[in-house]
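All remarks here apply to the structure that follows.
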Amino acid sequence: MSFCGATVITNLLSPFPSLIEWLCGGHYVYNPTLKRFFVFHFLFPFLLCGFVILHIFNLHFLSSNNPLRNSTNNKIPFLPFIISKDFYGNILILYLYLLQTHFGFSSLSHPDNALEACGLLTPLHIVPEWYFLCQYAMLKAVPNKNAGFIIVFTSIFTFFYFMRSVSMSYYFIVFTCSRFNGIYLSFWFLSLLSFVWIGGQFHQDNFLSYGRILTLHYYFLLICILFSTLVHP
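Its first residue numbered 1, the sequence shown is counted upward by one per residue in full-length UniProt numbering.
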């Protein structure tokens with residue numbers, strides 16, 4: 001599972017010249033790739049801890065911003081209120097982490113991860129996790145690798161575009177409250193659920209055809225939503 005996932009993700013970078021060789025240390029996933037991925041996964045938590053410390057430092061000395069942009073003096077002291085809430089959340093996360101590592105180490109893993117990887121054989125039943133099934137269905141539906149790369153990344157970054165600013169979020173809420181536009185959004189959400197179902201199926205012609213039709217339908221609804229939120233009075 002991990003080998004096939006790394007192969008698919010690195011192959012998405014094939015539109016960029018020599019990027020796969022630079023990332024993997026060769027033309028495919030092998031020992032240099034595993035060493036680099038191990039070093040990245042080892043250093044990344046320390047980088048996250050550094051950003052958390054920097055965030056707490058700025059929160060303590062500069063205070064947090066106000067998303068409503070209202071001038072107010074009703075500020076909550078960093079000590080003890082915010083410290084106590086963060087401490088309670090950290091204890092809860094640490095408890096769940098220790099519970100998972102000591103008593104359920106393999107519960108979130110796939111049984112095929114216990115098998116030895118083979119670079120010449122890809123099992124047909126291998127699928128990504130449920131939160132990537134939508135993008136996986138789009139990737140299977142598009143025969144061209146470069147077009148699949150563009151569709152997958154635009155489908156992901158669209159969600160970041162909706163959360164780009166406060167005004168965009170406001171117009172999106174107003175758009176959702178409208179009855180007719182709410183139907184648009186409902187069909188868009190149903191297409192996401194359909195993609196999740198199609199992504200978990202085998203590579204068959206009928207599912208590929210459904211995926212291509214849903215990809216067009218998905219982006220048509222997405223364009224309608226974006227234009228409606230941008231031109232909203």
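For each residue, glycine too, the CB sits at the ideal point set by N, CA and C. Since the structure is predicted, the reported quantities are computational estimates derived from the model, not experimental observations.
* Helix, strand or coil: how does DSSP classify valine 39 here? -> helix
* For phenylalanine 187, I'd like the list of residues in its chain whose CB is within less than 7 Å of its CB, leaving aside the five on either flank, ordered along the chain. => Leu221
* Asked: From aspartate 205 to glutamate 129, what distance separates their C-alpha atoms?
  -> 22 Å
* Stretch pair the stretch 198-215 + the stretch 129-140: three plus CB contacts closer than 8 Å -> Two segments are said to touch when three or more pairs of C-beta atoms, one from each, lie closer than 8 Å; by this definition the stretch 198-215 touches the stretch 129-140.
* Asked: Can you find at least 3 beta carbon pairs, one from the stretch 27-44 and one from the stretch 4-18, that sit closer than 8 Å?
  -> yes
* Within 10 angstroms of its Cβ, does isoleucine 150 collect 16 or more other Cβ (buried), or is it exposed? -> By the 10 Å Cβ count, isoleucine 150 comes out exposed.
* **Nearest-angstrom beta carbon gap, proline 15 and asparagine 113 [assumed within contact, 8 Å]** => Actually they do not touch by this definition, with Cβ atoms about 29 Å apart.
* DSSP-derived helix/strand/coil call for tyrosine 97 -> In the structure shown, tyrosine 97 falls within a helical segment according to DSSP collapsed to helix, strand and coil.
* To do: In angstroms with no decimal places, state the Cα-to-Cα distance between glycine 148 and phenylalanine 207.
  => 16 Å
* For phenylalanine 51, three-class secondary structure by DSSP -> helix
* Asked: My guess is that leucine 214 and phenylalanine 195 are in contact by the Cβ rule of under 8 Å, so how many angstroms apart are they, rounded?
  -> 6 Å
* Span separating the alpha-carbon of leucine 79 from that of phenylalanine 61 -> Leucine 79 and phenylalanine 61: Cα-Cα distance of roughly 12 Å.
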